[in-house]
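>
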Amino acid sequence: MPANDPGSGDLSRLLNPLSTIHTWVNDGAGGVHQASFSVDPDQLPVLRQGLQQAQDKLIALRSDAFELLGIPAPGNDEVSRRAVERFARQVDGPDGTLLKAVDDGTRRLQDIIDQIDALTKTYQQADDDSRM
-3 MPANDPGSGD LSRLLNPLST IHTWVNDGAG GVHQASFSVD PDQLPVLRQG LQQAQDKLIA
57 LRSDAFELLG IPAPGNDEVS RRAVERFARQ VDGPDGTLLK AVDDGTRRLQ DIIDQIDALT
117 KTYQQADDDS RM
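Numbering (my numbering), first residue to last: -3 to 128.
1. Looking at the structure shown, is I67 part of a helix, part of a strand, or coil, going by DSSP?
2. If you check the beta carbons only, do Q51 and T116 fall under 8 Å apart?
3. In terms of alpha-carbon separation, which member of E63, T16 and Q30 lies closest to L94?
4. Would you mind sorting V28 into buried or exposed? The rule is 16 or more other CB atoms within 10 Å of its CB.
5. Check each candidate in D123, I108, R127 and Q86 and name the one with the smallest Cα separation from W49.
6. What residues in its chain sit with their C-beta under 7 Å from that of R44, if we drop five residues either side in the sequence?
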C-alpha cells in the first residue's frame, strides 16, 4: 500500500486531514481580528521554514530601524530639528510606530511557529503510537 494510505498506520491523517493554524490579522483601521488557515500536515515543515525566514527578516529590519533614530538634522535650524524629531517618533514613539509594528509581526510569527511545532509534535506522537 502507498505510505499515505490510511491502512499504513498514519493515524494522523484519519484524525484530521488538515492542520488548522490560528492567528490575528490587522483590519487596517487599528483593530485586529482572529483568523485561521489550514495546512496539509506534510507541509508544516515548509511553512515553518518560510515563517522563520520572514521572522529573521523582521528581526534584521528592527536593527535597521534603530539606525534611523540616529539620522542627524539636515540643518541647524528649528524646522530641520523638528522634522528629525517627528521622524524619530514614527520609528519609535508611543503609538503606531515602525518598531511596534515589527515587534508585533515578530510575536505573531513566533506564535504561529510555536503552533506548528506543537502540531508537528502531536502528529509525530500519533504516528509513533499507531506503530506500537
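Glycine is no exception: its CB is placed at the ideal position from the N, C-alpha and C atoms.
From the atom records:
1. Taking the first residue of the sequence shown as 1, we reach residue 67 at position 71. If DSSP states are grouped into helix, strand and coil, I67 belongs with coil.
2. The sequence position of residue 51 within the sequence shown is 55, counting from 1. The sequence position of residue 116 within the sequence shown is 120, counting from 1. No. Outside cutoff.
3. Against the sequence shown, residue 94 aligns to sequence position 98. Here the closest residue by C-alpha is E63.
4. Counted from its first residue, the sequence shown places residue 28 at position 32. Exposed is the call here.
5. Along the sequence shown, read from residue 1 onward, the residue named residue 49 stands at position 53. Inspection of the sequence shows that residue 49 is occupied by Gln rather than by Trp. Comparing Cα positions, the closest option is I108.
6. Translated into positions along the sequence shown, residue 44 becomes position 48. The answer, listed in chain order, is I109 and I112.
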